[in-house]
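Engineer: Can you read through this structure? Questions will come right after.
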Amino acid sequence: DKFEIEKWGAKFAYTVDGGQLGDISNETWSARTATVTFRGVSTHPGTAKGILVNSSLAAGDFLSQFPDSVKNRPETTEGRVGFIHPYAGTLDIETSTVKILLRDFDITGLEAQETLVKSLVANTQKKFPNVKIEYASVLGYLNMKEVLKDYPQLTDYAIEAAKRAGVTAQLRPIRGGTDGSNLTAKGLPTPNLFTGGHNFHGKLEFNSRNGLEKSTETLVNLVQVYAEKAK
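Residue numbering for the sequence shown follows our numbering, beginning at 8 and increasing consecutively.
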């Protein structure tokens, strides 16, 4: 967020952030992160009758709706299908929270996800009228395809660079985001190049020597391609 694009002086850039061997990406999720906050009333449990309001029970009820009401979750989707993902939270008598990732390639899909989550909040509010429930969300990044579609040469040059490294390249949308998402939104078109790794963000994440070498060769070739196109 603090990167000063103007001082860098570049017209285009590339990130090298994940991706299987040959993956070149000009598309990411559009992403929001939602926080649902449940506010109850805390008091000593020995004298709590008629006073205590347990926010954690409302949070549990909210989450219990997901298996039946939210069909598109990370564990059930692939390809271009977005998802809703409750990924973190806290439980307490007075205040409980649930954090949720909303992800879709299309902004209208993202809006539909928010509408669905808000309906689940409303269902829980009806069952727990004494719990104050608050919904808030923040925009993380937008699908960089909306900008990069006007710069097809960026991916064309990358595909050529990979080909010269002996790699079969393919355009593949990222089911995630990169620094390039925000750089692109700020005016620096930035597609992503592969590292050749596997099992990203898991305990079994790894890369091979071949993946690293081919990624490096592609970067070197990319500089050469740009030099040739500038003649």
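C-beta: ideal position from N, C-alpha, C; glycine also.
(1) Taking the straight line between their C-alpha atoms, what separation do you get for LEU219 and GLY183?
(2) Using CA atoms only, rank isn't needed, just tell me which of LYS193, ASN199, PHE135 is closest to TYR148.
(3) Which ranges does the alpha helix (DSSP H) cover as unbroken runs of at least 4 residues, wholly within the stretch 38-95, from first to last along the chain?
(4) Helix, strand or coil for LYS106, going by three-state DSSP, please let me know.
(5) In chain order, which alpha helix (DSSP H) runs of at least 4 residues are fully inside the stretch 173-222?
(6) Use the C-beta contact count for ARG110: other C-beta atoms within 10 angstroms, 16 or more gives buried, fewer gives exposed.
(7) Taking only the alpha-carbon atoms, compute the straight-line gap between LEU59 and LEU70 and give it to the nearest angstrom.
(8) Mark ASN61 as exposed unless 16 or more other C-beta atoms lie within 10 angstroms of its C-beta, in which case mark it buried.
(9) Inspect the beta-carbon positions of GLY25 and GLN177 and report whether they are closer than 7 angstroms.
(10) Start and end of the beta strand (DSSP E) containing ALA17?
Structural biologist: So, from the listed chains and residues:
(1) 21 angstroms
(2) The closest CA to that of TYR148, considering only LYS193, ASN199, PHE135, is found on LYS193.
(3) 62-71, 73-76
(4) strand
(5) 186-192
(6) buried
(7) Roughly 21 angstroms separates the two Cα atoms.
(8) ASN61 counts as buried, since no fewer than 16 other beta carbons sit within 10 angstroms of its beta carbon.
(9) Their beta carbons are not under 7 angstroms apart, which means GLY25 does not touch GLN177 by this criterion.
(10) No beta strand (DSSP E) contains ALA17, which DSSP labels as neither H nor E.
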